Each structure stands twice: as C-alpha cells, then as structure tokens.
C-alpha cells in the first residue's frame with residue numbers, strides 16, 4: 001500500500017501577527033482539509049512586546065495546528081527563546097532550537113538552523129557561526145547511506161541561489177543571503193528548503209543535486225522564500241505542499257527529475273567552501289581591451305570602456321588567456337579576418353562564418369583564447385548566453401529558428417556555430433530527429449541532456465565533445481573518444497531533412513570573394529542593430 005503523503009504548511013516572517021496567521025490557517029484548513037504541521041521561518045516575533053502573544057502564552061488562544069518555529073534573528077527577540085535546545089513556547093507552538101534535526105514519527109527529516117550568519121567572535125546569541133554549520137553538516141552527512149534531508153529550514157536565504165535559475169525579483173542573490181547557508185544546502189541536499197527575512201516571495205526552479213552523466217541521479221531540491229505575514233502587497237507568505245518522507249520512497253520515484261530542473265546554483269561554491277570561510281562568488285574575468293570599432297575606421301583600437309571620449313580606468317584589467325601561437329579567432333590577432341566581424345561585446349564577438357551555410361550563418365567567439373565552452377570564465381559564459389538569446393530573438397523576427405553547435409575536437413579556439421533555419425523548412429522535432437538518425441547511421445552516440453543542464457557539468461576541460469542546442473533549449477551531446485567527422489554538424493543541417501543544400505556541407509565549397517563577404521557583413525550589422533544589446537552600455 002502506498003504511503004499517504006504528509007500535508008504541510010510553511011510560513012515566512014510572522015513578526016508578531018499571530019492572529020492574522022492562524023486565522024488564515026483556519027481558513028485554509030476549512031477549505032482544503034487539515035494539515036499535519038506548520039513550519040515558520042524568519043522572524044516569528046515582532047521587535048516589541050505584544051499583548052497578542054500573551055494570549056497564546058497563557059492559553060487564552062491556541063494555534064489551530066502543531067507549529068514549529070525557528071529562533072531569534074535579532075537581539076530584541078532573544079528573550080522569547082530561553083532554551084537553546086528548543087522548548088514549547090505555547091500550546092501547539094514549539095521552538096525547534098538553534099540547530100539540529102527533527103525526525104517525525106513518519107520518518108520525515110527536517111534539518112533546521114536558527115538565526116543569521118555571523119563570522120564574529122563571540123557569536124551573538126541570535127546568530128550561527130561556521131562551527132554551527134560544520135557540526136550540523138557532520139551530524140547528518142557522516143551517517144552511512146546519507147542521501148539528503150526532506151526539509152531544510154533557515155531564516156536567511158542562501159547566497160547565489162538564483163544562479164542558473166529563474167529571476168529572484170528585487171532580491172539580488174549575489175549580494176543578499178548567507179554563504180554558510182549555501183554551503184549547508186549544498187551538503188544536506190534538502191528536497192525542500194524554506195527561508196524568509198527578505199519580505200519577498202520567490203519559488204526557484206528545482207535544481208539537481210548530481211552531475212549529469214558523471215554521478216548517479218539524485219533527487220532535486222526546491223527552494224522557496226516566503227514573504228512576511230499580512231504584507232500589504234499580498235505577496236505569498238503561506239505555502240502548502242505534500243511530501244512522502246524520503247525513507248519511504250522507492251529510489252526511482254525519489255530521483256525522478258522535474259521537466260524544469262536546472263543546474264545546482266552552488267555547484268562551484270558548495271564543494272569548495274571551507275568551514276569558517278565565506279563562499280566566494282564565481283571568479284569573473286575582468287574585461288579585456290582588445291576591441292575594434294565597426295565603423296569606417298575599422299581596425300582602430302578603442303578603450304575597454306567602449307567609448308572613445310572617456311579616459312581608461314586607472315586600474316588596468318588583466319588580459320584574457322593568450323594563445324601559444326597564431327590564432328585565427330583571437331580578436332587581437334593579426335590573423336583575424338576583421339571584415340567578417342559583425343558585433344563586439346565585452347568578452348565575446350560575432351563574426352560571419354567563412355563559407356557559411358547561409359548568408360546569416362554566424363559564430364559566437366570569445367575575444368580571449370579559450371578552447372571550448374567548458375573552459376570559459378563565469379562572465380564570458382554570461383555574455384555567450386546573452387548573445388544566444390539575442391540571436392534567437394533576431395532570427396525569430398525574420399521567420400527563422402536557430403540551431404547552435406560546438407565541436408571541441410581538432411580545434412584550438414571556441415567557435416559556437418549559429419545556423420538559422422527557416423520555420424517553413426521543418427519543426428524543431430524534425431531537426432532533433434535528423435541529428436539523432438544521422439548520428440546512429442555513423443555509430444555516433446548522441447545523448448539527450450536536460451534543458452537547463454550546463455556543459456561544464458558533463459565535460460571536463462580538455463575533453464573532446466560535440467553538442468547541439470535546439471531553439472527549445474534541448475541539447476544533444478556526444479563525448480568524442482576516437483575519430484569524429486569534422487563536418488558532421490554542417491552535414492546534418494545541409495541534408496535534405498533540414499536545409500536541403502547538401503552541396504554546401506563542406507565550407508570550402510561555399511567561399512565567396514572578400515568583397516561579397518564585406519557586403520554580407522554590412523547587411524548583417526544593419527539588420528542586427530535593433531537587437532544589439534552592446535549599444536545599451
């Protein structure tokens with residue numbers, strides 16, 4: 001017989017508005033039936049004494065559901081939490097304690113950490129330290145067969161939780177939140193993580209807890225930040241959900257991945273964070289200075305600010321990686337055919353493909369010398385993604401969808417090929433089928449990887465691979481072990497199944513004169529200008 005799921009409620013900052021919260025809970029239960037527990041994160045008490053709490057404390061009023069709360073986040077409310085190990089505050093209202101694990105009779109495991117982050121010594125009574133995080137992590141992760149916890153409760157948001165995910169609204173997750181909580185979440189792998197304090201509601205897309213194609217599948221994590229009770233903007237502060245304890249689930253059901261799952265936002269910081277040390281933000285490469293104007297004075301160097309009339313910054317940014325020898329694609333190199341360059345960003349540039357499959361076949365290339373997407377720094381990846389999104393909009397406005405592919409094999413500089421395909425030619429599913437079918441014919445194993453996956457999670461630096469990205473975000477990946485046909489991507493796109501121009505499969509058969517290339521480049525620049533995000537700077 002299948003295990004009946006537990007029905008739980010989670011709440012954000014109550015801030016002393018107990019009647020508002022519990023009246024709302026009664027309404028929900030009247031409409032949807034009874035829930036098993038209410039879990040409160042953030043500030044449960046307000047900063048001033050309130051007669052409303054006395055009514056609950058003395059028993060004149062009673063919470064309608066068993067309620068568990070986290071401890072103080074400021075000095076003003078420390079007085080309410082007399083026992084650091086947890087205690088009953090009022091009938092049906094229990095303080096969990098400073099840190100620990102609550103295991104229900106059903107086997108549900110709830111890890112909790114009260115307070116806000118502090119790196120100071122001595123640690124304030126309303127804060128947690130790196131040692132607290134370390135001991136909680138050790139308590140759980142040292143157990144044999146540890147897979148994760150069902151729920152994690154913290155008051156602060158985890159820092160960087162928005163990375164690879166949907167927008168977190170007005171909260172900047174690179175600046176707000178706790179790096180120690182990020183480290184804890186990365187280790188404990190909760191199925192649900194609730195937080196508050198920012199007076200904002202944010203339900204992040206679920207993220208995976210394993211490395212695709214390198215580790216066995218694990219369950220996904222859902223992070224939900226809740227707003228403050230009774231807020232005038234009517235932001236969501238009460239969240240209802242059902243959950244079967246992890247211990248009672250079949251492995252196949254537990255590790256089933258949601259269709260919108262993303263990369264783990266803590267994938268770099270989580271495993272590198274040392275106890276007692278802030279998790280560093282992903283290292284970003286300063287802007288390089290190898291730029292060229294695309295006007296009539298083409299080829300003249302300009303400053304890294306992008307504006308000729310402003311003096312350069314006093315501190316000179318370091319240059320990007322340099323090639324060991326001549327490179328046809330490093331923008332500063334004399335070998336670059338600059339008449340093909342059609343747009344320049346801060347870290348990347350666009351160039352028409354030489355011998356392209358169509359007049360608007362372009363390449364996204366890093367300005368510095370990087371061999372593959374896997375080796376790009378965080379800010380270069382960010383601009384690559386910006387170019388991809390912009391090109392999708394550009395081609396869509398012209399009745400086309402675009403297919404992207406990269407071949408990291410017998411190449412020295414990353415070339416991300418972007419080929420537009422008229423919507424009238426075929427559907428995305430047809431393109432996908434053509435790649436898979438023609439790969440099978442050549443004994444090439446193309447694996448479909450999740451839409452929000454990161455190639456860096458699948459391929460190590462230096463590894464040879466080929467991957468295709470469709471306009472839907474779907475990706476097909478092949479790890480190259482032996483020989484690989486250099487023109488495979490072009491050949492599939494040029495085939496009868498897609499563009500039906502098989503004679504253009506070899507780029508050398510498609511070359512035109514320099515004058516024609518210059519004309520095509522001018523035309524592309526003009527057409528692309530309304531979409532050019534580099535003009536916004």
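Residue numbers (UniProt numbering): 1 to 537. C-beta: ideal position from N, C-alpha, C; glycine also. These figures come from a predicted structure and were not determined experimentally.
6 Å CB neighbourhood of residue i in its chain, flanking five on each side removed
i: residue 97; result: 85, 86
i: residue 116; result: 73, 127, 156
i: residue 162; result: 168, 173
i: residue 133; result: 180, 184
i: residue 203; result: 224
i: residue 21; result: 14, 229
i: residue 260; result: 205
i: residue 504; result: 357, 494, 510
DSSP bridge partner residues for residue i (one or two, in chain order)
i: residue 243; result: 6
i: residue 343; result: 350
i: residue 94; result: 68, 88
i: residue 258; result: Bridge partners of residue 258: none, in fact.
i: residue 420; result: 402
i: residue 202; result: 225
i: residue 363; result: 351, 417
i: residue 112; result: 100, 153
i: residue 238; result: 11
Per-residue burial, residue i [other beta carbons within 10 Å of its own, 16 or more giving buried]
i: residue 330; result: buried
i: residue 309; result: Low confidence applies here, because residue 309 scores a pLDDT of 45, under 50, leaving its location unreliable; read the following figure in that light. Exposed.
i: residue 214; result: exposed
i: residue 538; result: The question about residue 538 has no answer, for the chain in this structure spans 1 to 537.
i: residue 27; result: exposed
i: residue 40; result: buried
i: residue 533; result: exposed
i: residue 199; result: buried
i: residue 267; result: buried
i: residue 262; result: buried
i: residue 372; result: buried
Same chain, Cβ closer than 7 Å to residue i, neighbours up to 5 away in sequence not counted
i: residue 520; result: 352, 359
i: residue 248; result: 3, 107
i: residue 444; result: 478
i: residue 582; result: No statement about residue 582 is possible, as the shown extent of the chain runs from 1 to 537 and does not include it.
i: residue 140; result: 101, 111, 146, 149, 188
i: residue 528; result: 342, 343, 394
i: residue 258; result: 206, 220
i: residue 483; result: none
CA-to-CA distance, residue j to residue i, given in whole angstroms
i: residue 298; j: residue 510; result: Reliability fails at residue 298, whose pLDDT of 37 lies under 50, so the model's placement of it is uncertain and the value that follows must be treated cautiously. Using only the alpha carbons, I get a separation of about 26 Å.
i: residue 538; j: residue 494; result: Lying before the first or after the last residue shown, residue 538 is absent from the chain, which here runs from 1 to 537.
i: residue 366; j: residue 45; result: 52 Å
i: residue 166; j: residue 205; result: 6 Å
i: residue 177; j: residue 490; result: 46 Å
i: residue 90; j: residue 378; result: 49 Å
i: residue 384; j: residue 390; result: 10 Å
i: residue 433; j: residue 416; result: 21 Å
i: residue 88; j: residue 125; result: 19 Å
i: residue 15; j: residue 23; result: 15 Å
i: residue 460; j: residue 105; result: 44 Å
i: residue 403; j: residue 497; result: 14 Å
i: residue 462; j: residue 376; result: 12 Å
i: residue 386; j: residue 255; result: 32 Å
i: residue 236; j: residue 170; result: 15 Å
i: residue 47; j: residue 9; result: 24 Å
i: residue 508; j: residue 355; result: 6 Å
i: residue 543; j: residue 81; result: The structure shown does not extend to residue 543, since the chain is modelled only from 1 to 537, so the question has no answer here.
i: residue 411; j: residue 515; result: 27 Å
i: residue 94; j: residue 121; result: 29 Å
i: residue 6; j: residue 196; result: 23 Å
Which listed residue (the options) has its alpha carbon closest to that of residue i
i: residue 36; options: 212, 241, 228; result: 241
i: residue 207; options: 506, 219, 498, 197; result: 219
i: residue 431; options: 472, 12, 42; result: 472
i: residue 66; options: 99, 11, 487; result: 11
i: residue 19; options: 53, 32, 38, 234; result: 53
i: residue 135; options: 99, 468, 483; result: 99
i: residue 423; options: 396, 497, 83; result: 396
i: residue 130; options: 118, 38, 42; result: 118
i: residue 113; options: 138, 154, 93; result: 154
i: residue 492; options: 79, 93, 29, 440; result: 440
i: residue 419; options: 499, 121, 62; result: 499
i: residue 448; options: 442, 456, 435; result: 435
i: residue 76; options: 17, 63, 43; result: 43
i: residue 217; options: 30, 442, 345, 253; result: 253
i: residue 370; options: 426, 442, 347; result: 347
i: residue 345; options: 535, 30, 109; result: 535
Contacting residues, own chain, Cβ-Cβ under 8 Å from residue i (five flanking each side not counted)
i: residue 314; result: Residue confidence for residue 314 is low, a pLDDT of 42 falling below 50, so the modelled location carries little weight; the figure read from the coordinates is stated next. No residues qualify anywhere along the chain.
i: residue 190; result: 111, 148, 149, 150, 151, 152, 221
Distance cut-off 8 Å: residue i Cβ against heavy atoms of the ligand PLP
i: residue 384; result: Only the bare structure without any ligand can be found here, which leaves the ligand PLP out of the picture.
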